[in-house]
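Working notes for the structure below.
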Amino acid sequence: MNLIELKNVNFSYDSKKVLSNVSLKINKGEFIAIIGPNGSGKSTLINIMVGNLIPTSGEVLYDGVNLQNIKNRSFISYVPQKSYSFNASFPASVEEVVSMGLYAKKGLFKRLSKKDWEEVYEALKIVDMLDYKQSLIGKLSGGQLQRVFIARSLVAKPEILFLDEPTAGIDAKSEKALYAILEKLNKEKGITIVMVTHDVWAITNKVTRIICMSEGKINEKCEAVDLTAGELAEVYGYPVKIAKHHHNGSVNND
0 MNLIELKNVN FSYDSKKVLS NVSLKINKGE FIAIIGPNGS GKSTLINIMV
50 GNLIPTSGEV LYDGVNLQNI KNRSFISYVP QKSYSFNASF PASVEEVVSM
100 GLYAKKGLFK RLSKKDWEEV YEALKIVDML DYKQSLIGKL SGGQLQRVFI
150 ARSLVAKPEI LFLDEPTAGI DAKSEKALYA ILEKLNKEKG ITIVMVTHDV
200 WAITNKVTRI ICMSEGKINE KCEAVDLTAG ELAEVYGYPV KIAKHHHNGS
250 VNND
C-alpha cells in the first residue's frame, strides 16, 4: 500500500532548480536509503516529504491526501542533518529532550502525565539510552546524542521516520549500533524509514530499496539494493571505492 506518493515534484531556490519532475512511491513498511552526490537534491527531497518545504509545482500525497491539506502531521517524524551538533551547553537532561517530542501532540504548555513519561522512557529503552535519562545532554557522545534525537522522534509514535545523514560525525561502533536500531524499528515496530546516507555498503543488507539521486532527478537504473561500483560511479559522477572501517564502507572519490 502506498503511504507516500510524489507526483511530478519540482523545486527551485530562487532561479536555481534543485528538483526536476520527481515522481516516487513509498510503500508502508519500507526501509529506503536515498543516496547521491552532494548537491543532487537529497536533503531537499526529504524536506519536501516532511513538509518543511513546499514544492514549486507537483504534489506530495499521504494516503492520497495532499500534505499541504494535512494539519496534524504527528505521524511524521524527522531527524535533521547534523542534530549531533546540538548545543552542548544547553542545560537539559536526556529525558527532557526526548519529552519535547510530545509537544506536537499535547501543545507547548501542557503538563506531561505519568503515561507521557512512561512513553518517554519506553522510547529511550528502544534506543538503549534509558540508563542515561537524567544525564545532561552536553555530556553525551555524538552517537549517544543521535540516539536521543531518534528517541525524541519516536515518542510521538510516528508511522514514518525520516533521517538526513544520521551517522555523520559519529564513530564506526556508534554507526553500527544506530543502523541496528533503525532496522529493529522497521522490522519489529513496522515504522517506515526514509534515510539520506552516503554509507551505501553499511545499509545494503538492511534496506528494502535504494533510491539514487543525480542532478535533482531519480536515477531509475539504480533503484536496487545490490549496486555495483560501476553503477555507483554513474550516480556519483566519479569512480568510487569502499572505504572500510570495521563493519562497513562509504562512498569516496577514487
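Under numbering that gives the first Met the number 0, the first residue of the sequence shown is numbered 0, with each subsequent residue one higher. Every residue gets a Cβ at the ideal spot worked out from N, C-alpha and C, and that includes glycine.
Check	Outcome
Tell me the rounded alpha-carbon separation between Tyr178 and Ile202.	8 Å
With distances taken from CA atoms, which of Ser213, Thr207 and Ile217 is nearest Gly28?	Thr207
Taking the C-alpha atoms as reference points, what is the distance between Phe30 and Glu121?	22 Å
Hey, how far is the Cα of Thr43 from the Cα of Ile159?	17 Å
Could you check how far apart the C-beta atoms of Ile180 and Val126 are, in whole angstroms? I think they sit under 8 Å.	6 Å
Grab the span of the alpha helix (DSSP H) containing Asn185 for me, first residue to last.	Ala171 to Glu187
Looking only at its own chain, which residues have a Cβ that is under 7 Å from the Cβ of His245, when we skip the five neighbours before and after it?	For His245, the predicted structure reports a pLDDT of 40, less than 50, and the residue's modelled location is therefore unreliable. A value from the coordinates is still provided. Result list for His245: Ala171, in chain order.
So, is Leu111 buried or exposed, given that buried needs 16 or more other C-beta atoms within 10 angstroms?	exposed
Under 8 Å between the Cβ atoms of Ile149 and Val78?	yes
Can you find a CB in chain B that lies within less than 8 Å of the CB of Ser14?	In the structure shown, chain B does not exist; there is a single protein chain.
What residues are listed by DSSP as bridge partners for Asn77?	The residue you asked about is not Asn; residue 77 is Tyr in the sequence shown. DSSP lists Phe161 as partners of Tyr77.
Please report the distance separating the alpha-carbon of Thr166 from that of Val147.	13 Å
Round the Cβ separation of Ser98 and Val119 to the nearest angstrom and send it over; I've been treating them as touching at under 8 Å.	5 Å
Look up Leu2 in the DSSP assignment and say whether it is helix, strand or coil.	strand
Can you list, in chain order, the residues of its chain whose CB lies under 6 Å from that of Ile45, leaving out five sequence neighbours each side?	Phe161, Asp163 and Val195
Within this structure, are the beta carbons of Ser19 and Asn9 separated by less than 8 Å?	yes
Starting from Ser22, follow the beta strand (DSSP E) in both directions and report where the run begins and ends.	Lys15 to Asn26
Count the other CB atoms within 10 Å of the CB of Asp62; is the residue buried (16 or more) or exposed (fewer)?	exposed
Do the CB positions of Ile25 and Val193 come within less than 8 Å of each other?	yes
Of the choices Thr55, Ser134, Trp116 and Val49, whose alpha-carbon is the least far from that of Pro90?	Ser134
Below 8 Å CB to CB, which residues in the same chain sit around Ser88 once its five sequence neighbours on both sides are set aside?	Gly137
Whose C-beta lies closer than 6 Å to the C-beta of Glu219 among residues of the same chain, with five residues either side of it excluded?	none
Give the secondary structure of Asn65 by DSSP, where H, G and I count as helix, E and B as strand, and everything else as coil.	strand
If I follow the unbroken alpha helix (DSSP H) through Ala201, where does it start and stop?	Val199 to Ile202
Judging by CA-CA distance, which residue of Cys211, Thr55, Glu187 and Ser76 is the nearest neighbour of Asn7?	Thr55
Can you tell me the Cα-Cα spacing of Ala155 and Val96, whole angstroms?	13 Å
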